[in-house]
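Numbering (my numbering), first residue to last: 40 to 615.
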């Protein structure tokens with residue numbers, strides 16, 4: 040009876056909210072309506088402009104872009120990692136975005152009747168792009184769902200449809216991106232302004248790789264896909280990435296300085312002329328306060344590490360500069376101090392994690408302060424608190440000229456070309472068709488930028504500490520390369536999810552840090568080997584991620600009440 044009453048209350052509340060929401064979502068008759076809008080290409084442009092302001096979420100590396108993974112750790116335990124999430128009682132699963140896109144498709148043909156395609160095809164391409172992105176976000180979060188391509192009314196029977204298959208949804212996302220590629224401009228546009236065809240190709244490679252690996256590695260689990268065909272997705276991922284790599288106007292940023300170029304890429308204040316950054320967000324203090332203000336306020340006050348640490352698990356993934364893992368390389372100096380750890384390593388190590396002799400800030404008078412001063416203050420106050428010790432500096436610029444005002448106008452990186460190289464290599468490896476030429480076209484370009492030896496397909500040294508010892512050496516090394524190149528940029532959880540890798544990387548594990556002997560004041564526990572073990576007491580058995588449940592979110596109860604034909608996601612059934 041209690042459960043029934045809850046459902047009734049939710050239904051009544053939802054209907055009331057829906058009435059209000061319907062009123063609020065009606066397009067103003069003097070602004071946008073079926074009668075006086077969608078009459079010209081400018082109308083289409085104005086409509087699509089509204090998507091740009093909210094469609095792109097920037098994950099700042101130095102603000103925990105990978106907090107929900109094994110790469111970064113903060114002061115709190117991620118509830119997904121711990122397996123303590125509960126079923127949401129209310130909320131939307133994201134169809135508001137779909138409705139907005141479908142409204143465009145239902146009405147743009149008024150323009151089609153009066154203008155040639157060339158006058159409005161950019162905005163048509165954008166609509167296909169945002170349809171694909173909206174569905175992709177839902178696919179990652181909730182799995183399969185209804186595929187709807189027109190605006191639904193309150194009496195539309197489709198409101199009560201059951202889910203379409205995951206494979207159908209993923210296929211339709213890729214087809215929508217095919218249309219986006221066909222219509223969008225090929226112009227580079229300095230990474231700002233409007234989406235272009237190359238960005239659509241990048242996202243297409245991302246979606247196809249995600250779905251291909253999801254279907255491959257979740258087979259036989261509650262998240263498996265009936266009639267799955269991972270190879271068709273791997274083929275599409277490789278094809279899309281290769282199209283971008285060979286024909287696109289992008290390249291890796293490099294000045295020929297392997298010890299600084301990677302760091303410098305993320306520290307730039309303007310990416311308009313970057314050969315690598317495909318899309319980015321510029322902020323203006325007079326117009327914005329929000330995530331940029333929060334990030335820049337922290338940088339302005341120079342408060343590091345501020346509960347933001349790289350984990351030992353990520354730190355140990357960086358190879359030595361002879362191309363060998365630390366478990367076998369004679370160049371590895373050990374873990375006794377961070378200075379030792381950084382010797383002879385992949386230069387991305389000390390361009391992502393603050394080195395003792397690195398410059399923390401350059402004062403206006405030209406004097407310099409080094410990171411060693413910050414390490415000496417670790418855990419002496421809240422701003423210098425570091426659960427794992429390793430200080431993340433990706434995206435940070437030490438020049439105090441960029442920190443003169445409280446809210447700095449730092450940019451936010453959204454898409455970069457390096458991902459295409461990684462997507463291509465992984466798709467080829469997963470399909471079993473990778474060659475040395477493929478590696479030279481992708482992974483080895485990334486390594487060349489930082490002065491690392493090439494990855495040789497016929498000469499991969501076995502790492503006894505590979506995360507995935509049952510998989511091939513080449514897949515292990517490509518996954519390593521992806522981890523270190525994209526560290527803290529917000530990719531890691533998606534990778535763990537699509538690889539079905541929580542059992543290897545999350546369950547029963549805890550984030551570790553560097554040797555505790557390096558911290559003057561250490562409030563955190565240590566493990567038997569002397570490494571920082573910040574959640575030893577809070578997670579005595581390690582993370583409690585539930586393998587048969589936590590790869591997807593629960594469908595809110597309110598959605599299930601409104602549509603009895605929806606089915607709750609695996610593992611969430613019967614949980615109040």
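All C-beta atoms in this analysis are idealised placements derived from N, C-alpha and C, irrespective of residue type, glycine included.
Please report how far the alpha carbon of residue 534 lies from the alpha carbon of residue 559, in whole angstroms.
About 36 Å.
Residue 177 by DSSP, collapsed to three states: which one?
Helix, per DSSP.
Return the chain-ordered list of same chain residues with a C-beta closer than 7 Å to the C-beta of residue 483, the five sequence neighbours on each side being excluded.
Contacts found: 493 and 494.
What would DSSP say about residue 301, mapped onto helix, strand or coil?
Three-state DSSP puts residue 301 in a helix.
Looking only at its own chain, which residues have a Cβ that is under 6 Å from the Cβ of residue 382, when we skip the five neighbours before and after it?
If we look at residue 382 and ignore the five residues flanking it on each side, its Cβ neighbours are 372.
When DSSP labels each residue in this structure, what does residue 233 get in the three-state scheme?
Here residue 233 sits in coil by DSSP.
If I'm right that residue 134 touches residue 117 with Cβ under 8 Å, what's the distance once you round it to whole angstroms?
Not quite, the Cβ-Cβ distance comes to about 26 Å (not below 8 Å), so this is no contact.
For residue 352, the first and last residue of its enclosing beta strand (DSSP E)
No beta strand (DSSP E) contains residue 352, which is instead part of the alpha helix (DSSP H) from 351 to 354.
Are there 16 or more other CB atoms within 10 angstroms of the CB of residue 247, so buried, or fewer, so exposed?
Residue 247 counts as buried, since no fewer than 16 other beta carbons sit within 10 angstroms of its beta carbon.
Go ahead and pull the three-state DSSP assignment for residue 414.
Three-state DSSP puts residue 414 in a helix.
Tell me whether residue 189 is buried or exposed, calling it buried when 16 or more other Cβ atoms sit within 10 Å of its Cβ.
Under this definition residue 189 is an exposed residue.
From what residue to what residue does the alpha helix (DSSP H) around residue 135 run?
Going by DSSP, residue 135 is part of the alpha helix (DSSP H) stretching over 134 to 146.
If we call anything under 8 Å between Cβ atoms a contact, is residue 222 one with residue 160?
Inclusion of residue 222 and residue 160 in the CB contact set at 8 Å is warranted, their separation being smaller than that value.
Extent of the continuous beta strand (DSSP E) to which residue 454 belongs:
Segment 451 to 455, the beta strand (DSSP E) holding residue 454.
Looking only at its chain, what residues have a beta carbon closer than 7 Å to the beta carbon of residue 276, apart from the 5 residues adjacent to it on each side?
Excluding residues within five positions, the ones whose Cβ falls inside 7 Å are 244, 247, 248, 251, 462 and 466.
If you draw a straight line from the alpha carbon of residue 402 to that of residue 437, how long is it in whole angstroms?
Going by the C-alpha atoms only, they are around 9 Å apart.
Residues in its own chain within less than 8 Å of residue 409 by CB, not counting five upstream and five downstream?
395, 396, 397, 398 and 399.
Determine the DSSP secondary structure at residue 607, reduced to helix, strand or coil.
Taken through DSSP and simplified to helix, strand or coil, residue 607 comes out as coil.
Any heavy atom of the ligand PLP within a distance shorter than 7 Å of the CB on residue 95?
Although the ligand PLP was asked about, the structure shown includes no ligands whatsoever.
Of all the options 469, 77 and 565, which has the alpha carbon lying nearest to the alpha carbon of residue 144?
When only C-alpha atoms are compared, the closest one is 77.
Can we say the segment 574 to 590 touches the segment 110 to 130, given the rule of at least three CB pairs closer than 8 Å?
The segment 574 to 590, when compared against the segment 110 to 130, does touch it at the 8 Å Cβ threshold.
At which residue ranges does the segment 108 to 134 contain complete alpha helix (DSSP H) runs of 4 or more residues, listed in the order of the chain?
Secondary structure in the segment 108 to 134: the alpha helix (DSSP H) runs of 4 residues or longer, each lying completely within the stretch, are 118 to 121 in chain order.
Counterpart residues of residue 296 in DSSP-defined beta bridges
Beta-bridge pairing links residue 296 to no other residue.
What residue from 130, 82, 104 and 111 has the CA that sits closest to residue 593's CA?
Nearest C-alpha to residue 593: 130.
DSSP three-state call for residue 491: helix, strand or coil?
Three-state DSSP puts residue 491 in coil, outside helix and strand.
Does the Cβ of residue 197 have 16 or more other Cβ atoms within 10 Å, making it buried, or fewer, making it exposed?
Classification for residue 197: exposed.
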